[in-house]
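Peer 1: Provided herewith is a single structure, encoded as structure tokens, for subsequent inquiry.
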């Protein structure tokens, strides 16, 4: 694969999804690529078998999150949970984990339902005349509003325009600089650089200002309120304002686009499969209001959960994860040298034919309880795995379940485009508009 001069670097820039699939299908469960020119380039290893994925993500394996993308992310949002390693990461994870339990996520169900209802009302004039809505923009708006309400509470109107401008500029900047063969100095006064730094500065000032206000008086327990109550597990010290800002920016950066695009893919798949859409609607009619009242919990949306999981299998928003080897290792009998880049791809592993018959077919029944119990744990890992699995998985799943159920209950969905062109950038997303 690749060319003598640049190896597979250009292939990854052109179509990373195709590179992962071709490597797995033609070369097996562990594949080596060369990225960049001889001597100056580097070796990267793709690991596709679920057991190899489990090994790389385990606490005992000699791998850490590093590389240029992580460095650019740290420069953009600080040294929070997403960008730290070692003991610094460990105490952050242990300290922040109580903020993201399933029980805590459930406290935001009302906010999620209110924003789902606002979305439904916003669509009524379009639905009345059969005018399509643009699904990606609508889900992005909905997810961003939910995120800002759960983070900032009553300051949502103040936060929305600032965070809504910052996140897409930051994502594009990180991707551009993190994948450039030779990145230019970050402080060069380019138009894009000036816009991105201005958006970053505005986001920092917003979060700093809201932190300085202290916890909300009504004790609603926004995520920012909860950060005020965090204490270091060993020293008992509270987070200083800069550390609180770093963690808040991590939650904002990681929690918006991934959930929004997962909702786009889920609703688009339902539009292409009317019988499945009807099953989701019937379940929503039966149990959705009880879920919001806390009577049954999100487990009551069992079929909707199967649909969402199958959508995440076919379209994992985090389509690839990278780790750097900090010591020599062996994966599936293949030596991995210290310093090598190891790439895991949910996009490819979710289509591994040893675990997924007819892998491109949409089939929520793959996620019945018996089917999941019989399958390797890491045949499906859209939220990562091991100790660094996504801390916000319960919140993200709750949002996807409630929005999917509420929208499907209110409307019959139809999308004219059977297949979506995809863009694999920092996350997987539709490459263009998604009329629905």
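Numbering (the working numbering), first residue to last: 108 to 543. Cβ atoms here follow ideal geometry from the backbone N, Cα and C, with glycine treated the same way.
If contact is defined by three or more beta carbon pairs under 8 Å, each pair taking one atom from either stretch, is the segment 414-433 in contact with the segment 170-186?
Peer 2: Touching, yes, given that three or more Cβ pairs across the two stretches are closer than 8 Å.
Peer 1: I need the DSSP call for residue 430, collapsed to helix, strand or coil.
Peer 2: Note: residue 430 maps to strand in three-state DSSP.
Peer 1: Write down the C-beta distance between residue 521 and residue 391 rounded to the nearest angstrom, noting that I regard them as a contact closer than 8 Å.
Peer 2: Residue 521 to residue 391, Cβ: 18 Å. No contact.
Peer 1: Helix or strand or just coil, what does DSSP make of residue 152?
Peer 2: The answer is strand: DSSP assigns residue 152 an E or B state.
Peer 1: Suppose you measure from the CA of residue 357 to the CA of residue 417; what does that come to, to the nearest Å?
Peer 2: Rounded to the nearest angstrom, the two C-alpha atoms are 27 Å apart.
Peer 1: Which whole-angstrom value describes the C-beta separation of residue 128 and residue 458, a residue pair presumed to lie in contact below a C-beta threshold of 8 Å?
Peer 2: That pair is a contact at about 7 Å.
Peer 1: I need the boundaries of the alpha helix (DSSP H) containing residue 454, first residue and last residue.
Peer 2: Element bounds for residue 454: 453-456.
Peer 1: Looking only at its chain, what residues have a beta carbon closer than 8 Å to the beta carbon of residue 152, apart from the 5 residues adjacent to it on each side?
Peer 2: The answer, listed in chain order, is 137, 138, 139, 140, 438, 441, 443, 447, 448, 449, 450.
Peer 1: Do the segment 481-493 and the segment 405-420 touch if we need at least three Cβ pairs shorter than 8 Å?
Peer 2: The segment 481-493, when compared against the segment 405-420, does touch it at the 8 Å Cβ threshold.
Peer 1: Alpha carbon to alpha carbon, how far is residue 258 from residue 536?
Peer 2: The alpha-carbon atoms of residue 258 and residue 536 are separated by roughly 24 Å.
Peer 1: Opposite residue 438 in the DSSP bridges: which residues?
Peer 2: Bridge partners of residue 438: 441.
Peer 1: If we ignore side chains and look at the alpha-carbon of each, how far apart do residue 369 and residue 246 end up?
Peer 2: Going by the C-alpha atoms only, they are around 9 Å apart.
Peer 1: What residue ranges within the segment 266-308 form continuous beta strand (DSSP E) runs of no fewer than 3 residues, ordered along the chain?
Peer 2: Entirely contained in the segment 266-308, not one beta strand (DSSP E) run reaches 3 residues.
Peer 1: Unbroken alpha helix (DSSP H) runs of length 4 or more, entirely within the segment 489-541: which are they?
Peer 2: With a minimum length of 4 residues, the continuous alpha helix (DSSP H) runs that stay inside the segment 489-541 are 500-517.
Peer 1: Using only CA atoms, which one of 491, 539, 525 lies nearest to residue 164?
Peer 2: Nearest C-alpha to residue 164: 491.
Peer 1: Alpha carbon to alpha carbon, what distance is there between residue 166 and residue 235?
Peer 2: In a straight line, the C-alpha of residue 235 is about 53 Å away from that of residue 166.
Peer 1: Hey, quick one: how far does the beta strand (DSSP E) through residue 142 stretch, first residue to last?
Peer 2: 137-142 is the span of the beta strand (DSSP E), which, as asked, contains residue 142.
Peer 1: I'd like to confirm the pairing. Which residues does DSSP put opposite residue 449 in its beta bridges?
Peer 2: Residue 449 is bridged to 152, 430.
Peer 1: Does the segment 213-233 come close enough to the segment 336-349 to have 3 or more Cβ pairs within less than 8 Å?
Peer 2: Too few Cβ pairs lie closer than 8 Å, so no.
Peer 1: Should residue 388 go down as buried or exposed, given a rule of 16 or more other Cβ atoms within 10 Å for buried?
Peer 2: Buried, by the Cβ-count rule.
Peer 1: What are the partner residues of residue 338, as DSSP defines its beta bridges?
Peer 2: In the DSSP output, where bridge partners are listed per residue, residue 338 has 345.
Peer 1: Exposed or buried, residue 49, counting other C-beta atoms within 10 Å across all chains shown (16 or more means buried)?
Peer 2: This structure leaves residue 49 out entirely; the chain is present only between 108 and 543.
Peer 1: Taking 8 Å as the cut-off, decide whether the C-beta atoms of residue 310 and residue 269 are in contact.
Peer 2: Yes; because the gap between Cβ atoms is below 8 Å, this pair is in contact.
Peer 1: Taking a contact to mean a Cβ-Cβ separation below 8 Å, would you say residue 364 touches residue 284 in this structure?
Peer 2: Cβ distance not < 8 Å, so residue 364 and residue 284 don't count as in contact.
Peer 1: Starting from residue 170, follow its DSSP beta bridges and name the residues at the other end.
Peer 2: DSSP lists 432 as partners of residue 170.
Peer 1: Distance check for residue 297 and residue 412, CA to CA, integer angstroms please.
Peer 2: The alpha-carbon atoms of residue 412 and residue 297 are separated by roughly 45 Å.
Peer 1: For residue 119 and residue 290, I'd like the C-alpha separation in whole angstroms.
Peer 2: Between residue 119 and residue 290, the C-alpha separation is close to 17 Å.
Peer 1: How is residue 465 classed by DSSP in three states: helix, strand or coil?
Peer 2: Of the three classes helix, strand and coil, the one that applies to residue 465 here is coil, per DSSP.
Peer 1: Bridge partners for residue 241 per DSSP, in chain order?
Peer 2: Bridge partners of residue 241: 542.
Peer 1: What are the boundary residues of the alpha helix (DSSP H) that residue 478 is part of?
Peer 2: Run containing residue 478: 476-480, per the alpha helix (DSSP H) assignment.
Peer 1: Taking the C-alpha atoms as reference points, what is the distance between residue 404 and residue 229?
Peer 2: Distance between the alpha carbons of residue 404 and residue 229: 27 Å.
Peer 1: Taking 8 Å as the cut-off, decide whether the C-beta atoms of residue 499 and residue 352 are in contact.
Peer 2: Against a cut-off of 8 Å, the Cβ pair of residue 352 and residue 499 comes out as no contact.
Peer 1: Let me know the secondary structure DSSP gives residue 256 once reduced to three states.
Peer 2: Reduced to three states, the DSSP call for residue 256 is helix.
Peer 1: Distance, Cα to Cα, residue 410 vs residue 383?
Peer 2: About 9 Å.
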